[in-house]
Amino acid sequence: MGIAIVWFRRDLRLQDHPALAAAAARHERVLPVYIHAPDEEGEWAPGAASRWWLHHSLDALQRDLHRHRGELHLRAGPSLQTLRALIESSGVEAVYWNRLYEPALVARDTEIKKALREQGLHVASFDAALWRNPWQVLTKQDEPYRVFTPFWRNLRAQLGDDPPLDTPSPLRLEKAEGSVTLDALELLPRLDWADGFGAHWTPGERGASDMLERFADDALRGYGELRDRPARTGTSRLSPHLHFGEITPRMARAALREHADAEGADKGLEPYLRELGWRDFAHHVMYHFPHSVERNLNERFDRFAWVEDDAALERWQQGRTGVPLVDAGMRELWATGWMHNRVRMIVASWLTKNMRQHWLKGARWFWDTLVDADLANNSLGWQWVAGSGVDAAPYFRIFNPVTQAQRFDADGEYIRRWVPELRDAPKKLLHEPWAQDGFASSCGYPLPMLDIKASRQRALDSYQDIRD
Numbered sequence: 033m034g035i036a037i038v039w040f041r042r043d044l045r046l047q048d049h050p051a052l053a054a055a056a057a058r059h060e061r062v063l064p065v066y067i068h069a070p071d072e073e074g075e076w077a078p079g080a081a082s083r084w085w086l087h088h089s090l091d092a093l094q095r096d097l098h099r100h101r102g103e104l105h106l107r108a109g110p111s112l113q114t115l116r117a118l119i120e121s122s123g124v125e126a127v128y129w130n131r132l133y134e135p136a137l138v139a140r141d142t143e144i145k146k147a148l149r150e151q152g153l154h155v156a157s158f159d160a161a162l163w164r165n166p167w168q169v170l171t172k173q174d175e176p177y178r179v180f181t182p183f184w185r186n187l188r189a190q191l192g193d194d195p196p197l198d199t200p201s202p203l204r205l206e207k208a209e210g211s212v213t214l215d216a217l218e219l220l221p222r223l224d225w226a227d228g229f230g231a232h233w234t235p236g237e238r239g240a241s242d243m244l245e246r247f248a249d250d251a252l253r254g255y256g257e258l259r260d261r262p263a264r265t266g267t268s269r270l271s272p273h274l275h276f277g278e279i280t281p282r283m284a285r286a287a288l289r290e291h292a293d294a295e296g297a298d299k300g301l302e303p304y305l306r307e308l309g310w311r312d313f314a315h316h317v318m319y320h321f322p323h324s325v326e327r328n329l330n331e332r333f334d335r336f337a338w339v340e341d342d343a344a345l346e347r348w349q350q351g352r353t354g355v356p357l358v359d360a361g362m363r364e365l366w367a368t369g370w371m372h373n374r375v376r377m378i379v380a381s382w383l384t385k386n387m388r389q390h391w392l393k394g395a396r397w398f399w400d401t402l403v404d405a406d407l408a409n410n411s412l413g414w415q416w417v418a419g420s421g422v423d424a425a426p427y428f429r430i431f432n433p434v435t436q437a438q439r440f441d442a443d444g445e446y447i448r449r450w451v452p453e454l455r456d457a458p459k460k461l462l463h464e465p466w467a468q469d470g471f472a473s474s475c476g477y478p479l480p481m482l483d484i485k486a487s488r489q490r491a492l493d494s495y496q497d498i499r500d
């Protein structure tokens, strides 16, 4: 067969790429295409930090394709219209892509597949982002799961030992006229706040491989114990690479199993695989309950007395709440486009419970500032903390940011790194700088915007109201 389009989306890699492998095996030439169409993602078009990552990931993929004597064909505009124009101008006979699961994109891809097949083309889509498609892991009653542990038990039993797909060789690439430049997509933020991201991240397939190797060497062995300590290199930091498809769960598992076998680090492997399972669970929930990305899954929370206070929300966003661990997390987010997972839960609890602001306020801020902003994970995580989602933490579970800091950042290394006003604070005041009159102001650090104990009680009273 002749030419096939491989429509790259959030699968910006060459290895373990089912759509690319199928096209290369069945066709003489492959035309790699990326179409920038943010309007098709509805209310959840990529935020500023995600666009920064996307720009550099596309650049990395372009360089990888150049090594195979080809290039990534870039276009902007409606996806179906763009594909049809390329099909007509290049004599394309087939279109391949890997699946996405966001509600707006499921609807779009279904329409495109139907339209192109009616046009007489061969069209095929593949599962590549997750271990299993969301419809492949169901209860014995063929219903979706609402609790993670039985979901993970089912999914874990399905994981086989299939190795990742190699990059097709030879990879015979087709070129087409009309490609735009990467800069023309205008992905980079106009503000310079993202300029420092490059010191922390290397987008692209090679960057993902390097991050995976670093995790295997430095953190896998102690992952189960150290992943909750934000000052340590105790997590994989693979989340943005997974979101943009620069690496797959199957690739990560294969490499980590090999490392664990060689280095005796197997104790950290299962806890990490479970975290990847949570990612599958997030997509499972989003697929079966698509309204969960914007509405409470627990409808009781529709009656909750959320607080509207833009000034308070801004203090939270800027890391000026007066609570050291909360402010450290929010400042880490602004500086790096990422935040440690334990701290994400704490800042989310502060917003939704102590401040009693709707979880969507936090979800939208994370969506714009996280390089790993993922609609499924973001929505599930915020609803989990708020108590309004599936398998959620009980609403009365309210993280105390002081005791959390004392437990997981006892020496204050994380707080001192991200809250420079407290860098020289004595240990006894680091987590509670308000405990000594005048100390916080002498450091130029704000007093807490809320009393921790009193705001906790107000949250519990509001929750009791919706229960009654």
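Counting from 33, one number per residue, gives the positions in the sequence shown under the working numbering. The beta carbon of each residue, even a glycine, is placed where N, CA and C say it ideally should be.
Query raised in the report: Is it right to say Val179 is buried, meaning 16 or more other beta carbons lie within 10 angstroms of its own, or is it exposed?
Result: Counting every other CB atom within 10 Å of its CB across the protein chains shown gives Val179 a total below 16, marking it as exposed.
Report task. Within its chain, find whatever has a CB closer than 8 Å to the CB of Arg131; leave out the 5 residues flanking it on each side and keep chain order. Result -> Counting only Cβ-Cβ distances below 8 Å, and skipping sequence neighbours, we find Asp141, Ser157, Phe158, Asp159, Ala160, Ala161, Asn165.
Requested in this report: For Glu125, I'd like the list of residues in its chain whose CB is within less than 6 Å of its CB, leaving aside the five on either flank, ordered along the chain.
Outcome: Closer than 6 Å at Cβ, skipping near neighbours: Met33, Gly34.
Query raised in the report: Which residue from Gln113, Arg101, His87, Ser89 puts its Cα closest to that of Glu72?
Result: Nearest option by C-alpha distance: Gln113.
Query raised in the report: Helix or strand or just coil, what does DSSP make of Pro110?
Result: In this structure, DSSP gives Pro110 a state outside helix and strand, which the three-state scheme calls coil.
Query raised in the report: Taking just the CA atoms, how far does Ala418 sit from Glu424?
Result: Note on residue identity: the sequence assigns Ala, not Glu, to residue 424. Cα to Cα, the separation comes out at about 8 Å.
Query raised in the report: Excluding five sequence neighbours on each side, which residues of the same chain lie with their C-beta closer than 6 Å to the C-beta of Val38?
Result: Excluding residues within five positions, the ones whose Cβ falls inside 6 Å are Ala51, Leu52, Ala55, Val62, Pro64, Tyr128.
Report task. Would you kindly work out how many angstroms separate the C-alpha atoms of Asp32 and Val451, rounded to a whole number? Result -> The question about residue 32 has no answer, for the chain in this structure spans 33 to 500.
Requested in this report: Please determine, among Ser271, Trp416, Arg41, the residue with the shortest C-alpha to C-alpha distance to Ala108.
Outcome: Distance from the Cα of Ala108 is smallest, within the candidate group Ser271, Trp416, Arg41, for Arg41.
Report task. Kindly indicate which residue of Glu326, Leu115, Asp341 has the alpha-carbon position closest to the one of Lys145. Result -> Ranking the options by Cα distance to Lys145, first place goes to Leu115.
**Report entry** Per DSSP, the bridge partner or partners of His291
**Finding:** Answer is none; His291 lacks a bridge partner.
**Report entry** Arg332, buried or exposed, once every other Cβ within 10 Å from all chains shown has been counted against 16
**Finding:** If you draw a 10 Å sphere on the C-beta of Arg332, you find fewer than 16 other C-beta atoms in it, and that means exposed.
Query raised in the report: Going by the C-beta, is Val38 closer than 7 Å to any heavy atom of the ligand SAM?
Result: Looking at this structure, you won't find the ligand SAM or any other ligand, since it has none at all.
Query raised in the report: Tyr133 and His315: beta carbons closer than 8 Å?
Result: Closer than 8 Å, so yes.
Requested in this report: Give a yes or no on contact between the segment 264 to 278 and the segment 244 to 254, applying the rule of three or more CB pairs nearer than 8 Å.
Outcome: As far as the Cβ criterion goes, the segment 264 to 278 touches the segment 244 to 254, which means the pair count is three or higher.
Requested in this report: Could you pull out every unbroken alpha helix (DSSP H) segment of at least 4 residues lying fully inside the segment 303 to 379, listed in chain order?
Outcome: Counting only runs of 4 or more residues that sit fully inside the segment 303 to 379, the alpha helix (DSSP H) segments are 342 to 350, 356 to 368, in chain order.
Report task. Please classify Lys385: is it buried, with 16 or more other beta-carbons within 10 angstroms of its beta-carbon, or exposed? Result -> Here Lys385 is buried. Its C-beta has 16 or more other C-beta atoms within 10 Å.
Query raised in the report: Are Leu219 and Arg83 close, meaning C-beta to C-beta below 8 Å?
Result: Contact: yes.
Query raised in the report: Quick one: what's Ala126 bridged to in DSSP?
Result: In DSSP, Ala126 forms a bridge with Ala36, His154.
**Report entry** Gly10 vs Glu278 beta-carbon contact at 8 Å
**Finding:** Because residue 10 is not part of the residues shown, which for the chain are 33 to 500, the question remains open.
Report task. Taking 8 Å as the cut-off, decide whether the C-beta atoms of Trp414 and Trp391 are in contact. Result -> Result yes, Cβ atoms of Trp414 and Trp391 sit closer than 8 Å.
**Report entry** Span separating the alpha-carbon of Leu357 from that of Val375
**Finding:** Using only the alpha carbons, I get a separation of about 8 Å.
Requested in this report: Measuring alpha carbon to alpha carbon, tell me which of Arg488, Trp466, Arg352, Leu454 ends up nearest Arg429.
Outcome: Looking only at Arg488, Trp466, Arg352, Leu454, the smallest Cα-Cα distance to Arg429 is reached by Arg488.
Requested in this report: Determine, using beta carbons only, whether Ala405 and Ala81 come nearer to each other than 8 Å.
Outcome: Yes. Within cutoff.
Query raised in the report: Can you tell me where the alpha helix (DSSP H) with Arg67 in it begins and where it stops?
Result: The sequence given here has Ile at residue 67, not Arg. In the DSSP assignment, Ile67 falls outside any alpha helix (DSSP H) and within the unbroken beta strand (DSSP E) covering 61 to 68.
Query raised in the report: Among residues of its own chain, excluding the 5 on either side of Ala344, which ones have a beta-carbon nearer than 7 Å to its beta-carbon?
Result: Around Ala344: Met387, Met481.
Report task. Out of Tyr495, Glu464, Ser111, Gly421, state which residue places its alpha-carbon closest to the alpha-carbon of Gly354. Result -> Comparing Cα positions, the closest option is Glu464.
Query raised in the report: If you pair each beta-carbon of the segment 250 to 258 with each one of the segment 207 to 219, do three or more pairs fall below 8 Å?
Result: Here the segment 250 to 258 makes no contact with the segment 207 to 219; the two share fewer than three CB pairs at distances below 8 Å.
Query raised in the report: Is the segment 337 to 352 in contact with the segment 199 to 207, if contact means three or more CB pairs nearer than 8 Å?
Result: Verdict: no, contact absent.
Requested in this report: Go through the segment 462 to 492 residue by residue and report every complete run of the alpha helix (DSSP H) that reaches 4 residues or more, in order.
Outcome: Qualifying alpha helix (DSSP H) stretches, in chain order: 471 to 475.
Query raised in the report: For the candidate residues Arg58, Thr435, Ala491, whose alpha-carbon lies nearest to that of Ile378?
Result: Put simply, of Arg58, Thr435, Ala491 the residue whose alpha carbon is nearest the alpha carbon of Ile378 is Thr435.
Report task. Drop a sphere of 10 angstroms on the beta-carbon of Pro59, count the other beta-carbons inside from all chains shown, and report buried for 16 or more, exposed for fewer. Result -> In the sequence under discussion, the amino acid at residue 59 is His, which differs from the Pro named in the question. The residue is buried, with at least 16 neighbouring Cβ atoms inside 10 Å.
Query raised in the report: Since Ala57 is in the alpha helix (DSSP H), which residue starts that stretch and which ends it?
Result: From DSSP, the alpha helix (DSSP H) with Ala57 extends over 50 to 58.
Query raised in the report: Quick one, which of Glu150, Ile67, Ile484, Leu454 has its alpha-carbon nearest Cys475's?
Result: It is Leu454 whose Cα lies nearest to the Cα of Cys475.
**Report entry** Whole beta strand (DSSP E) elements within the segment 153 to 185, 3-residue minimum
**Finding:** The qualifying runs are 154 to 158.
Requested in this report: Provide the residue(s) that pair with His390 in DSSP beta bridges, ordered along the chain.
Outcome: Its beta-bridge partners do not exist; DSSP assigns none.
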